[in-house]
Structure formats: structure tokens, C-alpha cells
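What follows is one structure encoded as C-alpha cells, with my remarks underneath.
Numbering (our numbering), first residue to last: 1 to 322.
Below, the structure is given as C-alpha cells:
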């Protein structure tokens with residue numbers, strides 16, 4: 001808030017935007033308490049992108065669960081100017097998106113429309129964030145209005161603060177190497193399915209060269225050319241470099257995506273090798289490298305699509321397959 005004091009007995013000017021912001025926070029607190037029956041804790045100090053925390057309340061009698069969601073609140077009609085199909089685009093900067101995606105809690109963006117006193121929400125995730133180059137945008141649908149019914153959709157997103165550290169501690173324990181590999185495969189499979197709902201991940205039985213294969217769904221008209229991507233999970237950048245040298249010869253139809261478990265990748269390892277069809281990305285179980293993971297798989301999927309289109313063009317014109 002900015003204020004201007006005009007002598008003894010003078011007036012203090014309050015910006016309209018600050019009033020709207022406070023009204024939005026207060027109204028959302030009311031909805032969370034009265035409609036969802038949850039706890040609302042405003043973050044009044046050191047706001048770096050989280051305005052409040054929601055705590056899920058369950059059961060009869062109602063009991064606090066300790067399961068939390070972070071919330072970024074944006075108030076005012078200006079946030080509803082960029083229309084999207086069945087909703088709006090919330091435009092934001094890349095730094096805030098990176099902060100939200102890397103937060104220990106799941107984060108919601110809530111938009112407050114002061115004229116109607118309606119609130120709409122969206123979960124900030126790799127599925128909902130769209131890069132615009134220098135910044136990003138998040139689709140906030142009209143169907144996700146904050147009401148009593150929202151509890152059913154929001155409750156599964158909430159997480160205990162102990163969940164993520166517990167996974168991290170398990171990973172560094174002295175467990176069987178194969179158990180750890182299976183865990184990584186299952187976790188990666190879940191991450192990919194969350195990013196690409198149209199994909200199916202299967203375990204390999206026929207080769208030792210790949211850990212998994214991803215099948216991306218295609219329209220019925222293109223069913224003859226399935227989008228298939230092989231996955232190799234390695235624990236070191238050196239092993240990834242060796243695989244790039246081994247498979248990067250342009251002779252495979254389905255590309256290999258080498259997922260490096262060590263996110264601190266040396267500069268010598270290319271992120272997108274010049275000899276397709278091998279793509280390399282770093283990845284960590286805490287989700288901090290999910291943006292790179294998504295980008296790499298999108299590149300691989302695009303390569304297969306372009307390749308299949310080229311094959312069909314060559315066959316149509318009678319040219320030999322390249």
C-alpha cells in the first residue's frame with residue numbers, strides 16, 4: 001500500500017488495487033471456511049508467491065489433517081481479460097512458475113472477480129503451465145469455481161509436508177539396487193502419464209537396451225504410424241554419453257530418450273544430440289527437472305511424427321524410404 005500524509009490532520013490515500021486485493025483474500029478465506037469447511041492461513045509476511053495455505057479438514061467431528069495446499073491469489077477484473085476456451089489465461093512470469101512448480105506444497109492459482117464475487121482456481125503443474133517464450137500462462141477454466149463441491153477435487157491435491165522428505169530419505173537408504181531402479185521406473189512412468197495423458201508406458205521384456213517404452217496416442221487416421229519412444233534410465237552423465245555415441249546413428253525409427261538421474265549434468269553432454277534419434281534429459285525425483293523432461297519428450301514425439309509424415313510422403317510419391 002502506498003500512502004501520502006498531508007500535514008497534521010491530513011489524509012492518507014489508499015490505492016484501489018490494494019483494496020481489491022484485500023477483498024479477494026478476505027472473500028476466499030470466507031469461501032474456504034464456510035463452503036469447504038477447511039482452514040485458511042494467510043501468509044502476511046515475506047510473500048514470494050504464496051498468499052495463503054489451505055489445510056484440509058475431514059471427518060465427523062471435523063479434524064484438521066495436516067495436509068496442505070499453497071495458494072496464490074490474484075484479484076481484479078484485469079485478470080479476466082485474456083479469454084480462453086471455457087475460461088481465461090492467467091499470464092505470469094517464468095520466475096513465479098518455477099517457484100510454484102518447485103514448491104514443497106502443491107500450489108493453486110485463484111482468481112477473484114470483484115463484480116460477481118466469484119473465484120476460479122487452477123492447480124499449477126507441468127500439465128497446466130504453457131510457456132510463452134519469456135513468460136508463461138495458465139488456463140483457468142470457468143468450470144473450476146470455488147464452491148463447496150471444490151473440496152472433492154482439491155482434497156487429493158493436498159499433501160503432508162512429511163511426504164516428500166520421506167521419499168528422499170528412502171532413496172538414500174541402503175536398499176537393493178534393483179528395488180531402486182524399479183522405483184525410479186514407476187515414478188518416471190507416473191510423471192510421464194501426468195504430463196501426457198494420451199501416453200501409455202510399458203516395461204520392456206524383449207531388450208536390455210531400454211527400461212521402458214512410451215506409446216503416445218494418435219488420431220485414428222494415423223494409427224499405422226504409432227508414436228513410440230524408448231526410455232533408458234541411467235545414473236551418470238558418462239553412461240548417457242556412451243549411449244548417445246552408441247545409438248545416435250539415425251538408423252532407428254523410434255528414438256531413445258536417455259534419462260539421466262544426476263541432474264548436475266556436465267557441460268559436455270548435449271541436451272539434444274545432433275544425431276537423432278537420441279534425446280537426453282536430466283531428471284530428479286523431486287520434480288525440479290520436470291520441465292526439461294517434458295520438453296525432451298515433446299521433442300522426441302515431434303521427431304517421430306515428422307518421420308512418419310516423411311515416410312508417407314515418400315510412399316505417396318513413390319520414393320524409397322530414407
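Backbone N, C-alpha and C fix where the C-beta goes; we use that ideal spot for every residue, glycine too.
- In this structure residue 110 is in contact with residue 73, their Cβ atoms being roughly 5 Å apart against a cut-off of 8 Å.
- In this model, residue 309 and residue 231 are separated by some 23 Å (Cα to Cα).
- Within the region 45-117, the alpha helix (DSSP H) runs of at least 4 residues that lie entirely inside it are, in chain order, 94-101.
- Taking a 10 Å sphere around the C-beta of residue 189, we find 16 or more other C-beta atoms and assign the residue as buried.
- Contact between residue 301 and residue 227 holds: their C-beta atoms lie close to 6 Å from each other, under 8 Å.
- The straight-line gap separating the alpha-carbon atoms of residue 127 and residue 105 is approximately 16 Å.
- Counting every other CB atom within 10 Å of its CB across the protein chains shown gives residue 70 a total of 16 or more, marking it as buried.
- In this structure, the beta-carbon distance from residue 282 to residue 292 falls below 8 Å.
- The region 114-122 and the region 58-70 do not touch, with fewer than 3 CB-CB distances between them shorter than 8 Å.
- Looking at the backbone, the Cα of residue 156 and that of residue 130 are separated by about 23 Å.
- Contact holds between the region 85-98 and the region 134-153, because three or more Cβ pairs, one in each stretch, are under 8 Å apart.
- Residue 19 and residue 217 have their alpha carbons spaced roughly 48 Å apart.
- Residue pairing by DSSP places residue 141 opposite 87 in a beta bridge.
- In the three-state reduction of the DSSP assignment, residue 159 falls in the strand class, which pools E and B.
- Residue 290 counts as buried, since at least 16 other C-beta atoms from the protein chains shown sit within 10 angstroms of its C-beta.
- Residue burial annotation: residue 186 is exposed, with fewer than 16 other C-beta atoms found within 10 angstroms of its C-beta.
- A straight-line Cα-Cα distance of about 27 Å links residue 29 and residue 136.
- Between the C-alpha atoms of residue 120 and residue 145 there is a straight-line separation of about 4 Å.
- The beta carbon of residue 31 is closer than 8 Å to those of 119, 146, 147 in its chain, skipping five residues each way along the sequence.
- Membership of residue 154 in the alpha helix (DSSP H) is indicated by the continuous run 150-154.
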